[in-house]
Structure formats: structure tokens, C-alpha cells
Amino acid sequence: MSDLKSKDELKSYFRKYSIKKIQLLNEISKGLSTTFGLKETIKMDVKPLGGQISSLVRTQIDGEPLIQPVARDEKYGIIWKSNDRIASKETINQATSEILKEVNEWQKSK
């Protein structure tokens, strides 16, 4: 297993992602998240959301997926979590939050 990534290392990976993907990863890094809960938070239909989630599962850092399924809930869909073998959920949340803050400031300046 590799060393955990720092916030700055994660930010360099995450800057390549779409804003929606960063928002999604930010929400998942806050704790266990269900597909339907994310649908409401991210304001995205289930089908495109599934595509974004699938992309995060396929995205690997040092051979580890960014997010992992925990279980399936009959009513709310798959329960997801950030992969703590890459970095703590707090570090992932800090990295994504800082990027989203930068994007928000940029959008306000336009």
C-alpha cells in the first residue's frame, strides 16, 4: 500500500475533473452517501449521476479507486464512501472544497 496523499497532491489530481465530478466527490467525502441522496444534493438525474459515479470508481490513484461501494440499500441505491487508502475523507473534502471555492470565486468575478 502506498502513502496517503496530501491535500495538495489530491488537488493536482482533481483539477483535471469536471466541476460536477468534483462536487460529487466532495459530497461523498463528507461521509457515506447513497445514489439517491447524491441525486438530490448534486441536482442531477440518476442516469448521468451513475455515469459520474462510475467514472470515479474507475479513476485510480496508485492503483486504488477514488470511491468504493459499501453496500446496496433497497430503497436508496448503492451506498458510497471515499477510499481511505488514498487519503482521509477530511483531506479529500478539504481538497475538493478548496477547488470548488476557487471556481465559485472565478464565477463571481465574471
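My numbering numbers the first residue of the sequence shown as 334 and each following residue consecutively.
Built from N, CA and C at the ideal position, the CB exists for glycine as well.
In this text, all values refer to a predicted model and were calculated from it rather than measured experimentally.
Expected contact under 8 Å - CB spacing of residue i and residue j to nearest Å
{"i": "I386", "j": "W413", "result": "7 Å"}
{"i": "T429", "j": "F347", "result": "6 Å"}
{"i": "L389", "j": "L358", "result": "6 Å"}
{"i": "N437", "j": "S362", "result": "Wrong, their Cβ atoms sit about 17 Å apart, outside the cutoff."}
{"i": "Y409", "j": "T367", "result": "4 Å"}
{"i": "I411", "j": "R405", "result": "5 Å"}
Buried versus exposed call for residue i [16 or more other C-beta atoms within 10 Å across all chains shown]
{"i": "K338", "result": "buried"}
{"i": "Q440", "result": "exposed"}
{"i": "S415", "result": "buried"}
{"i": "I352", "result": "exposed"}
{"i": "K354", "result": "buried"}
Sequence-distant residues of the same chain with beta carbon closer than 7 Å to residue i, five excluded per side
{"i": "A420", "result": "L337, K338, L343"}
{"i": "I394", "result": "K338, Y346, I419"}
{"i": "E435", "result": "none"}
Sequence-distant residues of the same chain with beta carbon closer than 6 Å to residue i, five excluded per side
{"i": "T392", "result": "L399"}
{"i": "K340", "result": "T424, Q427, A428"}
Span of the alpha helix (DSSP H), counted from its first residue to its last, around residue i
{"i": "Y350", "result": "Segment: none, Y350 is in no alpha helix (DSSP H) and carries neither H nor E."}
Other residues of its chain near residue i: CB distance less than 8 Å, five sequence neighbours each side excluded
{"i": "F382", "result": "Reading off the sequence, residue 382 comes out as Leu, not Phe. Answer for L382: L357, T368, L371, K372, I375, listed in chain order."}
Margin query: As an exercise, report each continuous beta strand (DSSP E) stretch of at least 3 residues that is fully enclosed by the region 363-443, in chain order.
Written below: Qualifying beta strand (DSSP E) stretches, in chain order: 400-406, 410-415.
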